[in-house]
Amino acid sequence: MATLDLLSISKSFGAAKVLHDISLAIEDREFVVFVGPSGCGKSTLLRIIAGLEEATSGQIMIGGEDVSAAPPVERGISMVFQSYALYPHLSVYENIAFPLRVQKLPQVEMDERVQRAAGILQLTDKLDLKPGQLSGGQRQRVAIGRSIVRNPKVFLFDEPLSNLDAALRGDMRVELSQLHRQLDATMVYVTHDQVEAMTMADRIVVLNGGRVEQFGTPMELYHHPRTKFVASFIGQPN
Ligand code: ADP
Ligand code: MG
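The numbering of the sequence shown is my numbering, which starts it at 36 and goes up by one.
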């Protein structure tokens, strides 16, 4: 069970408090979108969940287990970054296999996992190419493939589509929703794009100035915004 619980997470950088007492209970296999304006703390919160940044206070629970002190690789979490961070000199296959090479997984199992990820992401006929020979959308899929092969329980996405053009972004939204249905995983997806949030999320967390304004389904937020900010950002005035 990959429930994800945030208990009173706060974060300061020096004197600047950027996250204020954030508590959220995310359900197993839920697709939750964090949405909010630039600088509201979305990436910081995601990095804290991933273990790439330490919270000033609060706890992170995955599957009911406190992982607050666990290093990133032991959390069963995989993060897909905005910049693709692919190795240009390695093939698509090797880019996807990379985390498994680091883990020294046996060749047969590695091959199985890479082929499965490539199948899901429709990259099977691209495995011998270099990233430079791929389209933007295909490169993004390679980055996702690199996450899938680790069999994480929780996927974190930080604005993965923001470098793509509008048409491709639409296609990738659909693909990511399909991916969510295919994989047995909880997904947390960060965006500043309200349309992305409304179309992809099971539930949306609206963040503003490091605080949770509202956590609810797209329809709840749209029809019953709890604050003026949510109303202006997503919903309609009551
Ligand atoms: P978002 O992803 O929503 O745009 P961020 O989480 O990147 O927002 O940033 C939230 C706030 O924290 C911003 O004011 C940003 O300047 C600040 N911040 C982020 N990372 C650091 C850091 N390493 N040191 C100091 N301030 C930071
Ligand atoms: Mg960010």
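C-beta: ideal position from N, C-alpha, C; glycine also.
What does the alpha-carbon distance come out to for the pair Q94 and M222? 19 Å
Report the partner residues of F250 according to the DSSP bridge assignment. V240
If you draw a straight line from the C-alpha of G86 to the C-alpha of E62, how long is it? 20 Å
Under the criterion of a Cβ to heavy atom distance below 7 Å, does F264 qualify as lining ligand 1? no
Relative to the C-alpha of T262, which candidate in M254, Q249, P253 has its C-alpha closest? Q249
Determine the closest residue to G245 out of M145, A37, D237, F48, with distance taken between C-alpha atoms. F48
Distance, S197 Cα to H259 Cα: 28 Å
If S43 sits next to S92, beta carbons under 8 Å apart, how far is it from one beta carbon to the other, in whole angstroms? 7 Å
Using beta-carbon positions only, say whether E231 and R208 come within less than 8 Å of one another. yes
Considering only heavy atoms of ligand 2, does any lie closer than 7 Å to the CB of E194? yes
S73 to T79 span [Cα, whole Å]: 12 Å
Would you say the beta carbon of K77 is closer than 7 Å to some non-hydrogen atom of ligand 2? yes
Since F268 is in the alpha helix (DSSP H), which residue starts that stretch and which ends it? 263-268
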